Every structure is written in structure tokens, then in C-alpha cells.
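Counting with our numbering, you get residues 237 to 684 for the letters of the sequence shown.
Using N, Cα and C, we set each Cβ at its ideal position, and we do this for glycine too.
Please read these numbers as outputs of a predicted model, since none were measured by experiment.
What follows is a short report on a single structure.
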Amino acid sequence: MSPVLPGHTLAGWVEGLWQLASLAELALLAACVGAAGGLAWLLGHNRRRGGIWFGQRVVDGVLFPLLALGAVLLVRLLMPADLPRAVLNLAVPVLLSLCAIRVAVRVLQAAFPQSPLVRLVERWLSWLVWLCLVLWLTGLLPLVVAELEAITWTVGGSQVSLRSVIEGALSAVVVLVAVLWLSAAIESRLLAGVSEAGFVGNVSLRKIAANATRALLLVVGLLFALSAAGIPLTALSVLGGAIGVGIGLGLQKLAANYVSGFVLLAEGSLRIGDMVVVDGFEGRITDISTRYTVIRALNGRESIVPNEMMITQRVVSMTMSDTRINGTTVVQVAYDTDVDALIPQLVAVVAAIDRVITDPAPAVTLTDFAANGLELTISFWIRDPHNGLGAVRSAVNLAVLRTLNALDVEIPYPQQVQREPRVKGAPAVPLSPAGAIFVSGPPAPPAA
237 MSPVLPGHTL AGWVEGLWQL ASLAELALLA ACVGAAGGLA WLLGHNRRRG
287 GIWFGQRVVD GVLFPLLALG AVLLVRLLMP ADLPRAVLNL AVPVLLSLCA
337 IRVAVRVLQA AFPQSPLVRL VERWLSWLVW LCLVLWLTGL LPLVVAELEA
387 ITWTVGGSQV SLRSVIEGAL SAVVVLVAVL WLSAAIESRL LAGVSEAGFV
437 GNVSLRKIAA NATRALLLVV GLLFALSAAG IPLTALSVLG GAIGVGIGLG
487 LQKLAANYVS GFVLLAEGSL RIGDMVVVDG FEGRITDIST RYTVIRALNG
537 RESIVPNEMM ITQRVVSMTM SDTRINGTTV VQVAYDTDVD ALIPQLVAVV
587 AAIDRVITDP APAVTLTDFA ANGLELTISF WIRDPHNGLG AVRSAVNLAV
637 LRTLNALDVE IPYPQQVQRE PRVKGAPAVP LSPAGAIFVS GPPAPPAA
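Take a look at the structure:
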């Protein structure tokens, strides 16, 4: 059992704080915190928020408590030895605890930005760190540690205490947090700028490098964490055998999806940003992870497709080798229209629309002699399918309608044709205006 340091009891802290000199220390502490907040704001001004160092509001990142801790340590070091330091001594463990909480939470948010469990982990981690701080300040921590050391049990012929298990678990958490921090930093550097307009580079190669780096660092971090927790690495042979049996029995789909993800990223047949149609769902590929591919439709819906499906099934890509896609619309004109003079004017009007490209040029063809008029098919090409085809088709229809109205070209309405019933081999029966059938013959006798 480790001895309790002088002043590291509740009575000692209260006695140290209940002095007139504590007001001066409070002023120094406030100055340190204010200077740290101002410096953090200046360093984070005009920078992208949400990182590990700055957080969303600068003060909730790692940089603020770290600067405050450094300022307090510097002031305490420069203070004369005969001056009391109760407030500053209390501020140091508080700021250390705050730094630990901020580092762990920001690293988890950077590594798992979409995970709903981050808030839960943040809450429990905060309670655990503050509880340890309270136990240390009140002098109860050595007693708790001694009690944990006394709780032992035998595992595989060796004596294991609850204290060693908790220390190993904490060491494993520290190692994993450090590994996640490093992998998140490397991934953000590899994927920097890929979401910006005009980015030039192979997104798939960067994505596969980021995924492989994270997987490798997690494996290495897991091995170090197991060693820190006191678990021998030879025990992994049994775990490896269990994983192999699991893959053989029921995890083959999961393993196939992971392998397919790396194959997709490596061969480059499908890239982030491509417009594809998979199983009748059309959209743009927004992410290719190690297990699934996210496809976002133009209406905002997203489809999560397993990577194995992207390899084993047919995938229609509209932007694999060329981003230009074709769109068509149909209009009918009257039979007495001068089609030879109308077609060049329609082509010129369609070519003047913003998103319609001139290579290939728009075309208008006479495709059918319909029942109500001549059917003209207008074909055009666009270069940005990710913006959708509906808006440009509407613009083409409006331009064609204005042109036909300006040229007084008739768009025929569907005609209702009155059909006359006939009986084969019988004379024609005239129809009255009301549609009644009159049969010729002698008049019917009067009613009795």
C-alpha cells in the first residue's frame, strides 16, 4: 500500500485552500486559463473545426486543456518556493484529467465519426476519470488500490489480482487510443482534398491505403494491448483456430465482403464518384469501405451494397470510361409541318442550353409516323450525370415548346375516331347522330 502524500487528503486540501493567498492563486489560474483559451482561439481561427486539437468550438478540443496545463505548470515552476501553491496543485490533476478525457473522446470521434456509441463512451469515461481524481484528492485511492490487490483468483496455475486486470485493461485502452489517433491522422492526410471540387488524383488508391493502414495499425495495437494486459500472444493460436472455423462455418460472407472491398479499390473498376446502377438502384458511389459500398441516389436516398454483390453481379456504370451520357425526349408535330426546316432550328435551340454539350452534338430524328402526327426524337448529351438528367430534360422540353409556339407549329392532340360496327356479309347500317342503329323493313304493327 503506497503512503498518502502530505496534503493529498480532503482535510489537507481544504486547509491549503482556506488561506488568503489562495485568492492570488485563483487570479493566476484565471490568467492561465484565459491565456490558454485566447491562444487556442488564435491558433484555431480560420481553420477547419472538428479536429482532435481544436474540436467544434476550440475550447472543447485537446489544445485548450493542454495549453492551460502547460501555463499552470510554468507559473508553478516560476513561483518562489515560500509561496503557497494549493490552488495550482489542485488545478494540475484537474487539467490532466480533462486532457485525458478530451484526447480519448476526440480520438474516438475522429476514428468512428458516425458511431452512436461515442457519446456513451464519453459519458462513462468522464465519470471514471473524475471518480479516480476524487479518490486521489481525498486520499482514498491507495486504500482502494490495496483492496483491489487483495482480490485474487487462480487462472491457469497463476495468481491474478483484480488490480492487475484493471491496470492491464487501462493499458490496453491507452494503446488502442494511441493507435486510433495515429490511424485517424494518417487517414485524414491521405484523404485530404478528395471531397473538394477540381481534385486530381486516384481516390481509390488513397482509400485502399487508408483502409490498409488502419487495419494494420489496429492489428499491431491489439497485439501491444494484449501484451500490456498480460495476455500471452501464444494464446492467439487458439483464437486464430476459432476464427478459421468461424469463417469456414458462417463467416465466409463477411470475409468475402472484406476481400471484395480491397479488390474493388485495388483494380479501380469502380471508383468513388462513379454513377452506377446496381440491382435497379441508380446513384453515385460516395464511399467504398472494407465491407460495403454506399450509393447515393439523386433524390437523397442511400443504398448500402455488400462488396461481394459489386463483384459477383452485373453493375451498370455510366461514368467508367466516359462521363458523358445521353438523354432523349419525344415530341409530335402535325403532318403538314415542314420537318426539313424545323429540325435545324430545334438542334440549335437544344445546343444553346447550358448543360448540353456540343461533342457529341444534339440531334433530331424522325422516328415514327404516329396516329396523330409525326414523332420527332430529340437526343442530347451531358457531361455531369451526378447532377441528374431530369432538370436538363425539362430545360430541353421548355426550349422546344417555345420554339414550336414561335414558329406556329401545331402539336396535335389525340383524335377520338368514331368506329362503325359492321356485320360481315350484311349491308351497311347507317348510324344516327346519336349512334342508334336503324334497321330497314316494314313498320311494326300497332299495339293492341
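| request: Please list, in chain order, all residues of the same chain as A340 whose beta carbon is under 7 angstroms from its beta carbon, the five residues on each side excluded. | output: Sequence index remark: in the sequence shown, residue 340 carries index 104 (1-based). These residues qualify, in order along the chain: L361 and V413.
| request: Could you name the residues that DSSP lists as bridge partners for A599? | output: For the purposes of this step, residue 599 is taken as residue 363 along the sequence shown, with counting starting at 1. Its beta-bridge partners are S615.
| said: What residue range does the beta strand (DSSP E) around S539 cover? | reply: Counting from 1 along the sequence shown, the entry for residue 539 is found at position 303. It spans E538 to P542 - the beta strand (DSSP E) in which S539 sits, taken as one unbroken run.
| field | Endpoints, the alpha helix (DSSP H) within which Q488 is located | value | As a position in the sequence shown, residue 488 is number 252, starting the count at 1. Looking at the DSSP string, the run of the alpha helix (DSSP H) that includes Q488 is Q488 to E503.
| field | Separation of E503 from L326, as counted between CA atoms | value | Sequence index remark: in the sequence shown, residue 326 carries index 90 (1-based). Sequence index remark: in the sequence shown, residue 503 carries index 267 (1-based). Looking at the two C-alpha atoms, the distance is approximately 58 angstroms.
| task | Can you tell me which of the three DSSP states D576 falls into? | result | Looking up residue 576 in the sequence shown gives position 340. Three-state DSSP puts D576 in a helix.
| query | Does D576 come within less than 8 angstroms of chain D when only Cβ atoms are used? | reply | Considering every chain present, this structure includes no chain D. It has just one protein chain.
| query | In this structure, does DSSP put S400 in helix, strand or coil? | reply | Position 164 of the sequence shown, counted from the start, is the residue given in the question as residue 400. Helix.
| task | Classify E646 as helix, strand or coil using the three-state DSSP reduction. | result | By one-based count along the sequence shown, residue 646 stands at place 410. It is coil, neither helix nor strand.
| query | Going along the chain, which residues of its own chain have a beta-carbon closer than 6 angstroms to the beta-carbon of R591, five neighbours each way excluded? | reply | Position 355 of the sequence shown holds residue 591. Same-chain partners within the cutoff: I618 and V628.
| field | Euclidean distance between Cα positions of L331 and L309 | value | One-based indexing of the sequence shown puts residue 331 at position 95. One-based indexing of the sequence shown puts residue 309 at position 73. Each residue's Cα considered, the two are about 10 angstroms apart.
| query | Apart from the five residues just before and just after L490, which ones in its own chain have a Cβ nearer than 6 angstroms to its Cβ? | reply | As a working note, residue 490 is residue 254 in the sequence shown. The answer is none, since no qualifying residue turns up.
| query | With DSSP run on the structure shown, which of helix, strand or coil describes Q549? | reply | Position 313 of the sequence shown holds residue 549. Reduced to three states, the DSSP call for Q549 is coil.
| request: Check I531 in the structure and name its three-state DSSP category. | output: Taking the first residue of the sequence shown as position 1, residue 531 is located at position 295. The answer is strand: DSSP assigns I531 an E or B state.
| request: Look up R507 in the DSSP assignment and say whether it is helix, strand or coil. | output: Position 271 of the sequence shown, counting from 1, holds the residue named residue 507. If DSSP states are grouped into helix, strand and coil, R507 belongs with coil.
| Just checking my contact of I593 with R560 at CB under 8 angstroms: how many whole Å lie between their CB atoms? | Taking the sequence shown and counting its residues from 1, the one referred to as residue 593 is at position 357. Taking the sequence shown and counting its residues from 1, the one referred to as residue 560 is at position 324. Indeed, because the Cβ distance is near 7 angstroms, the residues count as touching under 8 angstroms.
| request: Would you tell me roughly how many angstroms separate the C-alpha atoms of E544 and P598, rounded to the nearest one? | output: Here residue 544 is taken as the residue at index 308 of the sequence shown, counted from 1. Here residue 598 is taken as the residue at index 362 of the sequence shown, counted from 1. Straight-line Cα distance between these residues: approximately 39 angstroms.
| said: Check this for me: beta carbons of G457 and V411, under 8 angstroms apart or not? | reply: Reading the sequence shown from its first residue, position 221 is the one you call residue 457. Reading the sequence shown from its first residue, position 175 is the one you call residue 411. Contact: yes.
| Any idea if F300 is buried or exposed, counting beta-carbon neighbours within 10 angstroms, 16 or more meaning buried? | As a working note, residue 300 is residue 64 in the sequence shown. By the neighbour-count rule (16 or more Cβ atoms within 10 Å), F300 is buried.
| So what does N711 bridge to, in DSSP terms? | Residue 711 cannot be examined here, being either before or after the span of the chain that is shown, 237 to 684.
| said: Please classify L634 as buried or exposed, where buried requires at least 16 other C-beta atoms within 10 Å of its C-beta. | reply: Here residue 634 is taken as the residue at index 398 of the sequence shown, counted from 1. Under this definition L634 is an exposed residue.
| Three-state secondary structure (DSSP) of G519 | Position 283 of the sequence shown, counting from 1, holds the residue named residue 519. G519 falls in the strand class under three-state DSSP.
| By DSSP, does I593 sit in helix, in strand, or in coil? | Within the sequence shown, numbered from 1, the residue matching residue 593 stands at position 357. Three-state result, I593: coil.
| query | Quick one, which of L373, Q395, R312 and V365 has its alpha-carbon nearest L406's? | reply | Residue numbering aside, residue 406 sits at position 170 when the sequence shown is read from its first letter. Answer by Cα proximity: V365.
| field | Span of the alpha helix (DSSP H) around G306 | value | Residue mapping note: residue 306 aligns to position 70 of the sequence shown, counting from 1. Start and end: L299 to L314.
| Is A446 closer than 8 angstroms to L426 when the C-beta atoms are compared? | On the sequence shown, position 190 is the one that residue 426 refers to. On the sequence shown, position 210 is the one that residue 446 refers to. Contact: yes.
| message | So, with DSSP's three-state summary, where would you put A267? | response | Counting from 1 along the sequence shown, the entry for residue 267 is found at position 31. Correct three-state label for A267: helix.
| field | Stretch-stretch touch, CB-based, cutoff 8 angstroms, three pairs: the stretch 494 to 511 with the stretch 554 to 574 | value | yes
| query | Under a Cβ-count criterion, where at least 16 other Cβ atoms within 10 Å of its own Cβ denotes burial, should P621 be classed as buried or exposed? | reply | Locating residue 621 in the sequence shown gives position 385, where the first residue counts as 1. Looking at its Cβ environment, which holds 16 or more other Cβ atoms inside 10 Å, P621 is buried.
| Per DSSP, which one or two residues make a beta bridge with L610? | Indexing the sequence shown from 1 puts residue 610 at position 374. DSSP lists V569 and F605 as partners of L610.
| request: Within 10 angstroms of the Cβ of V455, are there 16 or more other Cβ atoms? Answer buried if so, exposed if not. | output: As a working mapping, residue 455 is identified with position 219 in the sequence shown. Exposed, by the Cβ-count rule.
| query | Taking Cβ positions, are L303 and A272 nearer each other than 8 angstroms? | reply | To locate residue 303, count along the sequence shown from 1; it is residue 67. To locate residue 272, count along the sequence shown from 1; it is residue 36. In contact: L303 and A272 (Cβ atoms closer than 8 angstroms).
| message | Mapping the DSSP letters down to three states, classify I422 as helix, strand or coil. | response | By 1-based counting over the sequence shown, the position of residue 422 is 186. Looking at I422 - three-state DSSP - the assignment turns out to be helix.
| query | Helix, strand or coil for V240 per DSSP? | reply | One-based indexing of the sequence shown puts residue 240 at position 4. Low per-residue confidence applies at V240: pLDDT is 39, beneath 50, and the placement is therefore not dependable, though the value from the model is reported in the following sentence. Looking at V240 - three-state DSSP - the assignment turns out to be coil, as it is neither helix nor strand.
| message | On a Cα-Cα basis, can you pick out the residue from A307, L262, L640 and V567 that is closest to P650? | response | Position 414 of the sequence shown holds residue 650. Among A307, L262, L640 and V567, the Cα nearest to that of P650 belongs to V567.
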